[in-house]
Each structure stands twice: as C-alpha cells, then as structure tokens.
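Numbering (the working numbering), first residue to last: 182 to 637. The beta-carbon is built from N, C-alpha and C at its ideal position, and this holds for glycine as well. Shown next, in structure tokens, is the structure this report addresses.
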Ligand code: XUL
Ligand code: CO
C-alpha cells in the first residue's frame, strides 16, 4: 500500500462543528416506538428501558455500554484500505484539543442513544506523551473532562482497561515480554489506569491480553510467561486493595489474533489458569462471543460455561461472521444467539456489576454519522427481544423441565450417590452386574430445537 492516503471527503470541518455546539445535529433523543414501521430505524421498537421483566427493568437486565475505541477511535482503515469514517469533530491531529472535542461528541452520542455506560482503554481518550509523566498528565486532563461529562449526562463507566498491545514496546508481549523493563511499563500503565478507573467510579477493570501469547514456541518459555502474567495480576489485586478500588477485575479470553496463540484461549482455559495461580477469588470473565467463535465454539458457549462455573462477569456483546471467521466485531443482530446469551444471564440473576458492552464497529462501508446510531439501536433491540424471549422460555418452564428430566436419574439412588461423590468403582461394577445393559434414551435434539424455535 502506498503512503499516499486519500482522505475520504470531509463534510464539515472540526471548527464548524464546535461552533454549532452539536455533533449530531438532526438526531434527537432516541425514543421507544413499538409501532414504528420497518423503515424507521432511528427508534427502539423493542427496547423499552423502564419495562419490567422478571422483577427488573430492561435497563437493569441489559446494562448496555458503548465502547470508545471502535465507536470514537475507529476509522474504517483495514490492511487493504485507508480510513473511510471521517468524523466531523476530528481535525486529523492527536492533540488534547481534538481529544476533548471527541469526548464531548461521545457523551452527546451516549446521551441521545440513551445508553448509561461507556468503556475505554487509557490510550483511547488521551494521547501518549514522550514520557510516562506526560502521558499520565494527559490522562489526568481527559479524565477530568470525562468526570464532568459523566455527571452532566448521568453516564457511568462500566469498565476501564489498559491498552497493553498497540505500542511497539509491547510487540513481544506486555506482562509476558522477555524483558522486565517492558513488564514494568505494563505495570506502570495498569497502576495509573486503576487509579483513573476508580476516579471515574468504574464498576469493573478489564485485562485483555492482546499480545500475551506467542508467535513461535521455539523462542518462548511458556511457563515463565504464564508465571509473569499471573505476577501482574497479583500486583493489580494488591494495588486495587491498597487504593480501595472496589470494581470487579475481569479477564477477557481470546484464542488468537493478534498473536498466533493467546494464553487466555477461552473461558475454560482462563478458569483453569485462575485456579492454578490462586486468582480465582479475585477475577471473573468478560466474554466476547466473537472471541468464542474464533476459538471454534458456538456463539453462546463461553457465556454459558463461564456462567455455570460462577465466572461470568460481563459480556462484550458483538458477533463475528461465520463466512469470514476472524474478529470482525460486528453488531449483534441475531435474535436466536442473543436469546441463548440472555437465558444464561437471567439464570444467573443478572450481570451487574458487568453489562452488555458493544465491542462492535460499524462496517467501513457504513460511513454516515447516522449509522453509528442505527447500528447500536439495532443491537439494543436484538437484545431486548432476546430478553423477552428468554424470560418467556424460563417462565414457561417447558425447556428447563425437559432438560431437568434428562438427568432425573441423578436425583435419587445411585445417581445421587455419584453426584455427592460418595460412590465407588466397586459399586459401579456391582450395579452393572445386577442390572445389565442400560436402555438407550433419545437425546431428542430436534425436539428441543423445534420447541425453542416456537419462542423466537
Ligand atoms: C479485542 C478486544 C478488546 C478488548 C478490550 O479483540 O475485544 O477490544 O475488549 O481491550
Ligand atoms: Co472485547
């Protein structure tokens, strides 16, 4: 690709936007219009924030959040093409002034969309300076503005995180880098971002190990790298407790991309890691379905596994594209998939202090400002429908009852003894000798699928 970057046409300059005072003119607060026609896309047809379902409002169940990195730092650039998403508040510089204008645009967007939470990486909101002092000063300045805007609009921080993957210093890993000096940079960054997250009242803090893995096993000491990753987590727990930050710590699994193999492969791998290093009381998981499918599982798999094992803390509610197969971070529009996720969330009694964070980006071809709203609204309506359907499935009790019935043999007698870990191999042998071959029982998958389809 040549270094010549043809700019997509800018419709308004950053100056003129500042003058008008509004970043999304012509778009008001998004309302609930259940009777709106199919072509009306700037309203909610299903998401009714104050409607009560199973004792909680939709807003309380869904806890939607907008991510800063895709929605306000995404440019539409890809390995084959230049930026396509030219936002009118951007002046093309990495200045503090531009960062502040962008943040005002972000809060206007959150307010108009009616989403109460946001998420960001340290480097999303403030430019990196030449030294750590300068970088931290920039972060202080932008987080002061964030605090002011949070209180102006009544918006809260779902989680903060450190970007430990973009800067070239992290190319060989952050906590898993073979150089302790780089590890120290990661530690310093996490320290500062824990402070900023606390300052903004963040309800969680995330670790996504973007470079914590390897490209070649030949140059990698896997055991030392995992030990070092655990060491950083232990430091984070100690510092969190020291400064009195009460948010939940979360790890976000992903199997690969950008590294060939990432240590936080999937939910079960991370749970095993947390238990091996004695971290399981202090961490939960932030599950991103696009990462789950990248790991070769079904969309809902990691949400269900993490939830059933008591580790589901939050969800990066996005989707991939089965025909592409990589981390495309699309807006979730599939009601069936979302229903399976919501069913697990209702079954565990909700996600708080976690939420449904839209770690999603509009396609690089979706270049209108309006598309930022349309995409989020579509995804929110998808999850609102999913919540209603999942609640109905659980209220009816038909599917849960059928599942329970499949395992009824474990409710009494030998099965109960097995579940209670009181049985022996000798008893197993005696049982088979006495009763012979078990009868085959149909799994009835198609029946379960048909019943589920009846609700969607
Ligand atoms: C990357 C990803 C990250 C994390 C936060 O695939 O999902 O944006 O959510 O670092
Ligand atoms: Co994510």
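Pair within 9 angstroms by beta-carbon distance, residue i and residue j
i	j	result
residue 311	residue 320	no
residue 503	residue 541	no
residue 266	residue 496	no
residue 332	residue 296	no
residue 293	residue 211	yes
residue 493	residue 532	yes
residue 450	residue 396	no
residue 415	residue 444	no
residue 274	residue 264	no
residue 480	residue 508	no
residue 545	residue 217	no
residue 309	residue 316	yes
residue 442	residue 394	yes
residue 609	residue 252	no
residue 313	residue 248	no
residue 413	residue 346	no
residue 550	residue 205	yes
Nearest-angstrom beta carbon gap, residue j and residue i [assumed within contact, 8 angstroms]
i	j	result
residue 447	residue 473	7 angstroms
residue 340	residue 305	Not quite, the Cβ-Cβ distance comes to about 12 angstroms (not below 8 angstroms), so this is no contact.
residue 488	residue 539	Not a contact, Cβ separation roughly 20 angstroms.
residue 527	residue 476	Actually they are not in contact, since the Cβ atoms of residue 527 and residue 476 sit about 24 angstroms apart, beyond 8 angstroms.
residue 430	residue 464	5 angstroms
residue 223	residue 208	7 angstroms
residue 328	residue 381	6 angstroms
residue 534	residue 428	7 angstroms
For residue i, the nearest candidate out of the options (CA to CA)
i	options	result
residue 467	399, 528, 437 and 386	386
residue 581	525, 232 and 557	525
residue 391	336, 462, 302 and 362	302
residue 621	587, 372 and 609	587
residue 583	345, 632, 611 and 557	632
residue 344	363, 313, 235 and 389	389
residue 298	217, 244, 440 and 560	244
residue 432	240, 417 and 597	417
residue 579	635, 270 and 558	635
residue 422	346, 372, 262 and 537	372
residue 351	368, 335 and 338	368
residue 436	483, 419, 460 and 404	483
residue 616	461, 595, 576 and 601	595
residue 529	601, 575 and 202	575
residue 548	478, 269 and 237	269
residue 560	283, 512, 219 and 434	512
residue 215	598, 238 and 232	232
residue 155	420, 403, 401 and 338	With the chain represented from 182 up to 637, any question about residue 155 goes unanswered, as that position is not in the structure.
residue 242	536, 213, 220 and 205	536
residue 402	630, 434 and 353	353
residue 558	400, 213 and 590	213
residue 637	335, 573, 486 and 505	573
residue 471	603, 434 and 239	434
residue 405	361, 349, 238 and 614	361
residue 326	283, 342 and 348	283
residue 600	486, 335 and 591	591
residue 240	478, 562 and 486	562
Check: residue i C-beta below 8 angstroms from any heavy atom of ligand 3
i	result
residue 478	As for ligand 3, it is missing from this structure, which binds only ligand 1 and ligand 2.
The segment 285 to 297 / the segment 347 to 362 touching (three or more Cβ pairs under 8 angstroms):
The answer is no - the segment 347 to 362 does not touch the segment 285 to 297, with fewer than three Cβ pairs under 8 angstroms.
When you compare the segment 376 to 387 with the segment 396 to 409, are there three or more beta-carbon pairs, one atom per stretch, that lie closer than 8 angstroms?
When Cβ pairs closer than 8 angstroms are counted between the two stretches, the segment 376 to 387 is seen not to touch the segment 396 to 409, the count staying below three.
For the segment 564 to 579 against the segment 515 to 528, do three or more pairs of beta-carbon atoms, one drawn from each stretch, fall closer than 8 angstroms, so that the two count as touching?
The way I'd put it, the segment 564 to 579 does touch the segment 515 to 528; three or more beta-carbon pairs between them come closer than 8 angstroms.
Using a Cβ distance threshold of 8 angstroms, determine whether the segment 272 to 283 contacts the segment 222 to 235, with at least three qualifying pairs required.
Because the criterion of three Cβ pairs below 8 angstroms is not met, the segment 272 to 283 and the segment 222 to 235 do not touch.
Beta-carbon distances below 5 angstroms to any heavy atom of ligand 2 define the shell here; list its residues in chain order, please.
Neighbourhood of ligand 2, defined by CB distance below 5 angstroms to any of its heavy atoms: 469, 497 and 540, in chain order.
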